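**Student:** Take 29 as the starting number for the sequence shown in my numbering and just add one per residue.
Note that beta-carbon positions come from the ideal geometry of N, C-alpha and C, so glycine has one too.
Note that the structure is a prediction, hence the values are computed from the model and not measured.
Take a look at the following structure, please.
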Amino acid sequence: MLTKAIRPPGIYPPIGPYAQAIEATGTARLLFISGTMGLAPDSSLPSGFEAQAHRVWTNIGATLAAAGMDFTNLAQLTIWLARRDDWRLGAEIRQQYLGDHQVAMSVVQAGLVHPDWLIEVDAIAVA
């Protein structure tokens, strides 16, 4: 599997560590990861945005591993934040897991289904 960041001429550059588009060639598998919250394996919810965000990425990592993939297989993310003020910390935490790997991505502030959930992420991975 090969992914390539597409940087279209004539539009604004990325405003963070992501790409406007990701082209995946030679893909044999697609993995669609449902909205993932910061719930622990026992369904408890850590307190605070930082703890929930780390748990989200741990959960996504476990989902990828179960499919024989890792964070470098991610191609697209949608990140849902309950509070707009958490976007910068959320980006810092995300990059701890993604490193230099770039994805196509959207970040949205929205009311999440449960009032205690502060972040939810869905993803598409390719292999």
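Can you tell me which residues form a DSSP beta bridge with Trp108?
**Tutor:** Val136, Glu148
**Student:** With a threshold of 16 other CB atoms inside 10 Å of the CB of Glu51, please say whether the residue is buried or exposed.
**Tutor:** Glu51 counts as exposed, since fewer than 16 other beta carbons sit within 10 angstroms of its beta carbon.
**Student:** Rounding to the nearest angstrom, what Cα-Cα distance links Leu126 and Ile107 in this structure?
**Tutor:** 14 angstroms
**Student:** Look at Leu73 and Asp144 and say whether their C-beta atoms are less than 7 angstroms apart.
**Tutor:** yes
**Student:** Where does Gln104 land, buried or exposed, given buried means 16+ other C-beta within 10 angstroms?
**Tutor:** buried
**Student:** Is the Cβ-Cβ distance between Pro45 and Gln137 less than 7 angstroms?
**Tutor:** no
**Student:** The alpha helix (DSSP H) that contains Gly89, what's its start and end?
**Tutor:** 77-94
**Student:** What does the alpha-carbon distance come out to for the pair Leu102 and Ala90?
**Tutor:** 13 angstroms
**Student:** Based on Cα-Cα distance, which residue from Ile39, Phe77, Ile43, Ala56 lies nearest to Arg111?
**Tutor:** Phe77
**Student:** Taking only three categories from DSSP, how would you classify Ala33?
**Tutor:** strand
**Student:** Would you call the CB atoms of Leu58 and Val154 closer than 7 angstroms?
**Tutor:** Taking 7 angstroms as the Cβ cut-off, Leu58 and Val154 qualify as a contacting pair.
**Student:** Please list the terminal residues of the continuous alpha helix (DSSP H) segment that includes Leu126.
**Tutor:** First-last of the alpha helix (DSSP H) with Leu126: 115-126.
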